[in-house]
Amino acid sequence: MADQDPSELHLPAEPPPDKDPSVEETDPDGNVTLLIEGQSRARFLVSSKILSMASPVFARLFGQRFYEGTQMANLSCPTIPLHEDDPVAMRIIIRILHYQEPEQGVSVDAETLAKISIHCDKYDCVKALNPWVFKWFSELQHITTVEEHGYLLLAAHLFRSAEQFSTVSIKAQTQLPCMFIARWEKVHMMDLLPDGVQNYLMIDS
Numbered sequence: 001m002a003d004q005d006p007s008e009l010h011l012p013a014e015p016p017p018d019k020d021p022s023v024e025e026t027d028p029d030g031n032v033t034l035l036i037e038g039q040s041r042a043r044f045l046v047s048s049k050i051l052s053m054a055s056p057v058f059a060r061l062f063g064q065r066f067y068e069g070t071q072m073a074n075l076s077c078p079t080i081p082l083h084e085d086d087p088v089a090m091r092i093i094i095r096i097l098h099y100q101e102p103e104q105g106v107s108v109d110a111e112t113l114a115k116i117s118i119h120c121d122k123y124d125c126v127k128a129l130n131p132w133v134f135k136w137f138s139e140l141q142h143i144t145t146v147e148e149h150g151y152l153l154l155a156a157h158l159f160r161s162a163e164q165f166s167t168v169s170i171k172a173q174t175q176l177p178c179m180f181i182a183r184w185e186k187v188h189m190m191d192l193l194p195d196g197v198q199n200y201l202m203i204d205s
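Each residue of the sequence shown is one higher than the one before, counting from 1 in UniProt numbering.
Here you go:
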């Protein structure tokens, strides 16, 4: 029997590499993996182009002037760590920027909204989330605790929403107890709220 030309052999195709179950594929065709390293960790496969269009910060991060940008030029799908970010807040932001709704069953309470606002301010993508900001505030009309008032004031401030800030401030003036500052001082993120806001509320409380 004559030797068969190797080119004529029908060899089974190699199976595609197994997907990493720890990576959430926000964009299955994404070109970069974001590693969120806060109190917990999460990985998201994303589109650098989409994030760059929504966020000038990401646009600079993925540019050639930064180490992360050189990785993108040299590797097919690099992993870029983002330190001290909150995975829950970033998951919501990343999904929305990729034209997806937050995961079903995920509720945005006042504290989560404040965390989202901090990250939107950090990555300069507030405008892209404006429709969702209105929705979230409308769902948080019946807050009761001192901390919740603080979270919503902080969120309104960082989302640059004068309308929401005015609404929450009016409620805070009538509902906050005299010693609310002592409670806020125990919440680390409340340090981001301008002192002038706290002083104004103290005068009116």
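Positions of the beta carbon are idealized from the N, C-alpha and C atoms, including for glycine.
These figures come from a predicted structure and were not determined experimentally.
Quiz item: In or out: alanine 172 buried (at least 16 other Cβ within 10 Å) or exposed?
Solution: It is buried - the Cβ of alanine 172 has at least 16 other Cβ atoms within 10 Å.
Quiz prompt | Completely contained alpha helix (DSSP H) runs for the UniProt domain "BTB" (30-98), where each covers 4 or more residues | solution = Counting only runs of 4 or more, we get 48-54, 56-61, 67-74 and 87-97.
Practice problem: Note down, in chain order, each residue of its chain lying with its Cβ closer than 8 Å to the Cβ of lysine 115, except the 5 sequence neighbours on either side. | Solution: So the list reads Asp86, Val88, Ala89 and Met189, once near-sequence residues are dropped.
Practice problem: Can you tell me which of Gly38, His149 and Glu24 puts its alpha carbon nearest to the alpha carbon of valine 32? | Solution: Relative to the Cα of valine 32, the nearest Cα in the group Gly38, His149 and Glu24 belongs to Glu24.
Quiz item: So, is cysteine 77 buried or exposed, given that buried needs 16 or more other C-beta atoms within 10 angstroms?
Solution: Under the 10 Å beta carbon count, cysteine 77 is surrounded by fewer than 16 other beta carbons and is classified as exposed.
Exercise. Compute the beta-carbon to beta-carbon distance between valine 168 and leucine 152, rounded to the nearest angstrom, for a pair I have assumed lies under 8 Å.
Key: Indeed, because the Cβ distance is near 5 Å, the residues count as touching under 8 Å.
Quiz item: Pick from Thr70, Leu140, Ile50 and Ile181: whose alpha carbon is nearest that of histidine 98?
Solution: If we check each option's Cα against that of histidine 98, Ile50 comes out closest.
Exercise. Look up glutamate 24 in the DSSP assignment and give the residues it is bridged to.
Key: According to DSSP, which records beta bridges pairwise, glutamate 24 is partnered with Phe44.
Exercise. Would you grab the beta carbon distance between leucine 35 and threonine 70 for me? Rounded to a whole angstrom, and I think it's under 8 Å.
Key: Between the beta-carbon of leucine 35 and that of threonine 70 there is about 17 Å, and that puts the pair past the 8 Å contact cut.
Exercise. Count the CB pairs spanning the region 56-72 and the region 122-140 that are closer than 8 Å, and state whether there are at least three.
Key: Contact between the region 56-72 and the region 122-140 is present, because at least three Cβ pairs lie under 8 Å.
Self-check item: isoleucine 118 to alanine 155 span [Cα, whole Å]
Solution: Roughly 7 Å separates the two Cα atoms.
Self-check item: Cutoff 8 Å; reference leucine 82; Cβ partners in own chain excluding five residues on either side
Solution: Within the same chain, leucine 82 has close Cβ partners Leu34, Leu35, Ile36, Glu37 and Met90.
Quiz prompt | Proximity below 9 Å, CB of glutamine 198 to CB of isoleucine 170 | solution = The answer is no: Cβ separation not under 9 Å.
Practice problem: Name the residue from Glu185, Thr145, Lys186 and Val133 whose alpha carbon lies nearest to the alpha carbon of proline 177. | Solution: Taking only the C-alpha atoms, the option nearest proline 177 is Thr145.
Quiz prompt | Local conformation of lysine 186 per DSSP, three classes | solution = DSSP places lysine 186 in coil when its eight states are reduced to three.
Self-check item: Length of the line joining the Cα atoms of serine 47 and aspartate 27
Solution: Between serine 47 and aspartate 27, the C-alpha separation is close to 6 Å.
Quiz item: How is threonine 145 classed by DSSP in three states: helix, strand or coil?
Solution: Coil at threonine 145, not helix or strand.
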